[in-house]
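**Q** If you scroll down you'll find the structure; I have some questions about it.
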Amino acid sequence: MVASASVGLLLVACGTTNTSAPQANKPSSTQQAAVLTQPSTQARLAINKAISVALNGTKVSVAKNAFVNSSQLTLQRNTQDPRGMKGLNGRLLGAPVLHHFSMVKQNGSCYLIDKRTSKRHLLSGVNCKSV
């Protein structure tokens, strides 16, 4: 019983130490999760382009609110009825593949990170803020 109380106090103390640590000790090159500050057509086009590059040229179109409230984005292939697509016979074969991306800010620039490959894509002309 005494041991568990000590552990509880230790965890509280560690939490207090971490939350009160001065931000000045963090190096400026540290990447931080980020969201868009000014969602715009230009920002969405830059995000679409970066994701398309990450997915080997696959055409993508993200929602207007992508990266507005969250630094994370998960994409899945379009599940529209493929009957109009030559050679598919109305069926999507294979398991769905999810693609996970995150937005980060580092040294004043915004980047998109493909979580599968860890590749970073600079989002030129996009304004974001750390969260």
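Note that our numbering has the sequence shown beginning at 604, numbered continuously upward. Note that beta-carbon positions come from the ideal geometry of N, C-alpha and C, so glycine has one too. For clarity, every value in this text was computed on a predicted model and none was experimentally measured.
1. Which word fits K732, buried or exposed, when buried means at least 16 other C-beta atoms lie within 10 angstroms of its C-beta?
2. Rounded to whole angstroms, what's the CA-CA distance from A636 to N681? Just pull it up for me.
3. Taking the straight line between their C-alpha atoms, what separation do you get for K722 and N672?
4. Report yes if the C-beta distance between F704 and L726 is below 8 Å; otherwise report no.
5. For the beta strand (DSSP E) containing V638, name the first residue and the last one.
6. Enumerate in chain order the residues of its own chain whose CB-to-CB distance from I654 is below 6 Å, with the five nearest sequence positions on each side excluded.
7. Are the CB atoms of V785 and L639 nearer to each other than 8 Å?
8. Is A646 buried or exposed, if buried means 16 or more other CB atoms sit within 10 Å of its CB?
9. Alpha carbons only, please: which of P699, F670, S632, V700 is nearest the one belonging to A649?
**A** Taking the geometry as given:
1. For this step, residue 732 is matched to residue 129 along the sequence shown. That one is exposed.
2. Locating residue 636 in the sequence shown gives position 33, where the first residue counts as 1. Locating residue 681 in the sequence shown gives position 78, where the first residue counts as 1. Cα to Cα, the separation comes out at about 27 Å.
3. Position 119 of the sequence shown holds residue 722. Position 69 of the sequence shown holds residue 672. The alpha-carbon atoms of K722 and N672 are separated by roughly 23 Å.
4. Locating residue 704 in the sequence shown gives position 101, where the first residue counts as 1. Locating residue 726 in the sequence shown gives position 123, where the first residue counts as 1. No, Cβ-Cβ distance for F704 and L726 is not below 8 Å.
5. Here residue 638 refers to the residue found at position 35 of the sequence shown. Where V638 is concerned, the enclosing beta strand (DSSP E) starts and stops at 635 to 639.
6. Position 51 of the sequence shown, counted from the start, is the residue given in the question as residue 654. So the list reads V663, once near-sequence residues are dropped.
7. Here the chain has residues from 604 to 734 only, and residue 785 is not among them.
8. On the sequence shown, position 43 is the one that residue 646 refers to. Note on A646: 16 or more other CB atoms within 10 angstroms of its CB, so buried under the neighbour-count rule.
9. For the purposes of this step, residue 649 is taken as residue 46 along the sequence shown, with counting starting at 1. For the options P699, F670, S632, V700, the alpha carbon positioned closest to that of A649 is the one of F670.
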